[in-house]
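Chains as they are written, first to last, in the numbering used here: chain A, 165 to 293; chain B, 4 to 307; chain C, 30 to 340.
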């Protein structure tokens with residue numbers, strides 16, 4: 165299937181980008197043929213609706229699934245309307261290559277409800293404070 | 004790294020004074036970034052001896068521009084603008100850019116292609132160094148709008164700075180009101196402190212602010228500033244808090260030392276550390292620390 | 030850069046008055062500096078003097094004037110914007126609406142019909158872009174305006190729905206309501222929201238006199254400067270009211286700034302517990318404590334206004 169992974173760079177060694185709407189790049193991988201393509205996220209600089217804009221971009225690319233850190237509710241609604249499966253929980257400490265391997269092993273769970281509050285595709289990562 | 008945001012709904016309840024003092028206390032034990040997202044009237048740096056390190060323009064606004072040479076005065080744009088930003092003078096369209104929302108409706112209807120929408124500077128972000136911390140402060144340009152987007156940029160810059168210096172905590176002084184800039188300020192944070200005062204006006208605005216907070220499902224608590232001012236109003240606030248399951252984190256007594264410290268451009272906990280108000284804010288700091296350690300939940304830390 | 034001729038026309042258009050009645054605005058950079066308290070007291074004083082007063086509470090994010098006057102809000106009118114619904118029967122999938130929306134609020138799933146998901150601010154750009162007339166308008170409420178009366182005082186209040194963004198729509202609706210119903214008043218007082226954003230400018234339109242409220246603290250001075258710059262940008266001069274005037278702060282900063290902007294300090298109001306008491310009781314101080322020092326001062330401002338504009 166055509167899987168889109170949010171990325172901070174163009175290739176498989178780039179790090180995963182945890183937010184969807186403002187992710188600089190999308191790496192689109194055919195999980196069977198392993199054909200890879202990367203595209204810039206032109207919705208990144210949008211003042212409003214970056215998540216919806218990003219959803220439009222990957223929907224137009226024919227993505228069937230999305231792997232990212234977190235998706236806000238507006239983007240989630242758009243992705244669902246386009247029948248794109250949403251997988252959350254990818255970590256910025258993984259490369260795209262590693263994330264893809266984990267995905268193939270079934271490491272990520274499909275999200276059925278958005279985890280962020282509105283505009284919530286933008287939570288600070290936790291950690292000890 | 005955690006972020007706590009202080010908002011108030013109503014202006015003037017003492018939000019900035021509390022944020023400054025809270026920051027002053029917590030920065031003694033932790034690495035802290037103070038984010039000032041009250042972009043209409045950013046004041047946090049004025050409470051400290053702040054040294055300006057850098058300032059950068061922010062272009063987070065879009066505005067229309069009418070090219071007079073191409074314009075044939077058909078006036079289609081006047082009706083197209085739902086924000087009343089274009090009026091007529093001497094038969095020609097006059098664009099009052101202050102009211103333009105950059106939606107582009109005018110440029111769509113213009114038969115001559117005479118209208119362009121451009122990205123505009125609407126503010127700047129200044130970074131200040133203070134003795135134990137960093138302040139990242141956003142300031143809206145006079146007459147501008149889109150403060151929500153400017154607030155987004157301030158938060159982003161604060162997060163970057165926090166990453167750079169390995170900070171544990173971002174304390175965000177939020178904008179007043181209940182609109183879009185406040186939403187931008189509380190998005191993505193770990194805890195929201197709603198500051199209020201015991202007056203009828205402030206209670207009305209407290210209700211409004213909780214309508215917004217609830218929508219985001221964020222853990223939150225109330226601090227009553229100027230406590231003791233008006234018992235009837237204070238009782239109403241406590242009732243409201245109880246009915247809505249929101250903890251009262253602390254009550255900061257009404258105390259002249261606060262405006263006097265502000266007049267001297269200092270956090271009250273530094274200027275008058277023994278004042279009742281300072282003691283109240285220290286209690287608030289203690290509760291805030293405990294709450295953030297618990298990951299935002301309260302586990303029995305309630306203040307009544 | 031805007032050429033001088035254009036700037037003149039812009040200012041003239043900005044200050045076109047909805048009614049041929051004196052407009053006195055009260056503004057200030059900081060929340061809590063006392064704008065609303067002063068506005069309601071001046072309104073009450075003018076009303077006591079026998080004038081019919083229209084008070085506009087343009088702080089639509091947190092309107093307080095009705096609370097300070099103890100007035101229940103009456104005659105609500107919804108403020109609405111039009112949001113799009115795309116008619117599947119007429120839509121050809123051309124996507125012009127999606128592209129026209131600069132807020133990315135519309136989304137087209139595959140070959141389907143675009144749907145509204147994001148925040149729509151009612152600009153109707155999508156409807157203008159649609160070549161098939163396939164978009165229906167649906168009303169979305171963003172706030173209300175109220176018109177409440179007591180004796181000779183007519184209070185116009187605007188209130189934005191919490192969390193909504195369309196504050197300018199509410200301020201415009203408020204001004205339109207004043208235009209429609211305020212014609213019987215002798216004078217209009219406008220209580221603007223604090224700050225220097227575009228809605229403050231909207232509320233200041235057509236003002237004959239502007240009072241800028243500040244306090245003698247570094248914060249007050251910083252915010253006053255921004256207010257004075259704003260007024261300068263739109264061709265208005267300020268009369269400064271120094272509230273909490275006995276605070277031990279740097280008042281010389283205020284006087285220096287006033288001079289620089291050719292503004293006079295027209296009144297000083299020291300800190301006053303009585304003002305606070307009346308504030309929490311919902312009765313203007315000039316009524317509850319008519320002989321208090323600040324009540325006398327605010328009454329004097331009303332008399333100055335009457336002398337200059339109403340006689």
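For each residue, glycine too, the CB sits at the ideal point set by N, CA and C.
Keep in mind that this is a model prediction, so the values were computed, not measured.
Determine, using beta carbons only, whether residue i comes closer than 9 Å to chain C.
{"i": "residue 217 of chain A", "result": "yes"}
{"i": "residue 15 of chain B", "result": "yes"}
{"i": "residue 176 of chain B", "result": "no"}
{"i": "residue 171 of chain A", "result": "no"}
{"i": "residue 263 of chain B", "result": "yes"}
{"i": "residue 87 of chain B", "result": "yes"}
{"i": "residue 248 of chain B", "result": "no"}
Would residue i pass as an interface residue toward chain B - the criterion being a Cβ-Cβ separation below 9 Å?
{"i": "residue 273 of chain C", "result": "yes"}
{"i": "residue 208 of chain C", "result": "no"}
{"i": "residue 412 of chain C", "result": "Beyond the ends of chain C as shown, which are 30 and 340, falls residue 412 of chain C; an answer cannot be given."}
{"i": "residue 258 of chain C", "result": "yes"}
{"i": "residue 43 of chain C", "result": "yes"}
{"i": "residue 317 of chain C", "result": "no"}
{"i": "residue 351 of chain C", "result": "It is not possible to answer for residue 351 of chain C, since the shown part of chain C is limited to 30 through 340."}
{"i": "residue 176 of chain C", "result": "no"}
{"i": "residue 284 of chain A", "result": "Bear in mind that the predicted position of residue 284 of chain A carries a pLDDT of just 46, short of 50, making it too unreliable to give a figure here."}
So with CB distances below 7 Å, who are the chain C contacts of residue i?
{"i": "residue 241 of chain A", "result": "146"}
{"i": "residue 245 of chain A", "result": "136, 138, 144"}
{"i": "residue 202 of chain B", "result": "308, 309"}
{"i": "residue 101 of chain B", "result": "227, 230"}
{"i": "residue 7 of chain B", "result": "Those within 7 Å of residue 7 of chain B in chain C number zero; the least Cβ separation is about 20 Å."}
{"i": "residue 90 of chain B", "result": "42"}
In its own chain, which residues sit with a C-beta less than 6 Å from the C-beta of residue i, not counting the 5 before and 5 after it?
{"i": "residue 167 of chain C", "result": "112, 114"}
{"i": "residue 300 of chain B", "result": "Model confidence at residue 300 of chain B stands at a pLDDT of 45, short of 50, so the residue's coordinates are unreliable; what they give is reported in the following sentence. Contacts found: none."}
Grab me the residues of residue i's own chain with a C-beta within less than 7 Å of its C-beta, minus the 5 sequence neighbours each way, in chain order.
{"i": "residue 327 of chain C", "result": "67, 70, 71, 74, 315"}
{"i": "residue 196 of chain C", "result": "89, 90, 189, 228"}
{"i": "residue 279 of chain C", "result": "245, 247, 250"}
Note down, in chain order, each residue of its chain lying with its Cβ closer than 8 Å to the Cβ of residue i, except the 5 sequence neighbours on either side.
{"i": "residue 31 of chain B", "result": "135"}
{"i": "residue 30 of chain C", "result": "Here the model assigns residue 30 of chain C a pLDDT of 46, short of 50, so the residue's position is not dependable and the matter cannot be decided."}
Is there a C-beta anywhere in chain A that falls below 9 Å from the one on residue i?
{"i": "residue 65 of chain B", "result": "yes"}
{"i": "residue 211 of chain B", "result": "no"}
{"i": "residue 167 of chain B", "result": "no"}
{"i": "residue 30 of chain C", "result": "Below a pLDDT of 50, predicted positions are generally treated as unreliable, and residue 30 of chain C, at 46, falls in that range; the measurement from the model is reported next regardless. Judged by the 9 Å Cβ criterion, residue 30 of chain C is not in contact with chain A."}
In chain A, which residues lie less than 9 Å from residue i when you measure between Cβ atoms?
{"i": "residue 127 of chain C", "result": "220"}
Can you pull the chain A residues whose beta carbon is under 8 Å from the beta carbon of residue i, in chain order?
{"i": "residue 241 of chain B", "result": "Here the premise fails: no neighbours, minimum Cβ distance about 27 Å."}
{"i": "residue 149 of chain B", "result": "211"}
Name the chain B residues that come within less than 9 Å of residue i, Cβ to Cβ?
{"i": "residue 133 of chain C", "result": "Those within 9 Å of residue 133 of chain C in chain B number zero; the least Cβ separation is about 12 Å."}
{"i": "residue 243 of chain C", "result": "Chain B residues near residue 243 of chain C: none, gap ~11 Å exceeds 9 Å."}
{"i": "residue 162 of chain C", "result": "Under the 9 Å cutoff, chain B gives no residues; its nearest Cβ is about 14 Å from residue 162 of chain C."}
Residues of chain C with CB closer than 9 Å to the CB of residue i, please, in chain order.
{"i": "residue 223 of chain A", "result": "136, 137, 138, 139"}
Starting from residue i, find everything on chain B with Cβ-Cβ shorter than 7 Å and list it in chain order.
{"i": "residue 61 of chain C", "result": "14, 15, 16"}
{"i": "residue 196 of chain C", "result": "182"}
By the criterion of Cβ-Cβ separation under 7 Å, what are the contact partners of residue i in chain A?
{"i": "residue 217 of chain B", "result": "Neighbours of residue 217 of chain B on chain A: none; closest Cβ ~10 Å, over 7 Å."}
{"i": "residue 152 of chain B", "result": "211"}
Please compile the residues from chain C whose C-beta is within a distance smaller than 8 Å of the C-beta of residue i.
{"i": "residue 112 of chain B", "result": "157"}
{"i": "residue 83 of chain B", "result": "153, 157"}
field: Length at least 4, wholly inside the segment 84-158 of chain B: the alpha helix (DSSP H) runs in chain order
entry: 108-112
- prompt: What are the uninterrupted segments assigned as beta strand (DSSP E) that are 3 or more residues long and contained completely in the segment 204-229 of chain C, given in chain order?
  reply: 216-220
message: To test your reading of the DSSP string, which unbroken alpha helix (DSSP H) runs of 4 or more residues are found completely within the segment 233-281 of chain C?
response: 247-262
message: Beta carbons nearer than 7 Å to chain F: which residues of the segment 187-218 of chain A have them?
response: Looking for chain F here will not work: the only protein chains present are A, B and C.
query: For the segment 76-143 of chain C, which segments carrying the alpha helix (DSSP H) assignment without a break, of at least 4 residues, lie completely within its bounds, in sequence order?
result: 94-98, 125-129
message: Suppose only complete runs of 4+ residues qualify. What are the alpha helix (DSSP H) ranges in the segment 203-275 of chain A, listed by chain order?
response: 214-224, 237-245, 260-268
message: I want to know whether the segment 201-212 of chain B touches the segment 216-225 of chain C - three or more CB-CB distances under 8 Å.
response: no
task: Let me know the alpha helix (DSSP H) ranges lying completely inside the segment 134-192 of chain C, each 4 residues or longer, listed in chain order.
output: 154-158
- prompt: Is the segment 56-67 of chain C close to the segment 5-20 of chain B, with three or more CB pairs under 8 Å?
  reply: yes
message: Count Cβ pairs between the segment 256-269 of chain A and the segment 143-160 of chain B that sit closer than 8 Å; are there 3 or more?
response: no
task: Examine the Cβ distances between the segment 239-255 of chain A and the segment 214-227 of chain A and report whether three or more of them are shorter than 8 Å.
output: yes
- request: Any chance you could list the beta strand (DSSP E) runs of at least 3 consecutive residues sitting entirely within the segment 178-258 of chain B, in chain order?
  value: 194-199, 223-230, 251-256
query: Quick check: the segment 157-174 of chain C against the segment 98-112 of chain B, are there 3 or more CB pairs under 8 Å?
result: yes
query: With a cut-off of 8 Å, do at least 3 Cβ pairs link the segment 294-310 of chain C to the segment 265-274 of chain C?
result: yes
query: Would you say the segment 55-63 of chain B touches the segment 180-196 of chain B, given that touching needs at least three Cβ pairs under 8 Å?
result: no
task: For the segment 35-62 of chain B, list the beta strand (DSSP E) runs that are entirely contained and at least 3 residues long, ordered along the chain.
output: 35-39, 54-61
At least 3 beta-carbon pairs within less than 8 Å: the segment 93-107 of chain B vs the segment 28-47 of chain B: no
message: Tell me whether the segment 142-155 of chain C and the segment 221-228 of chain A touch, counting them as touching only if at least three CB pairs, one residue from each stretch, are closer than 8 Å.
response: no
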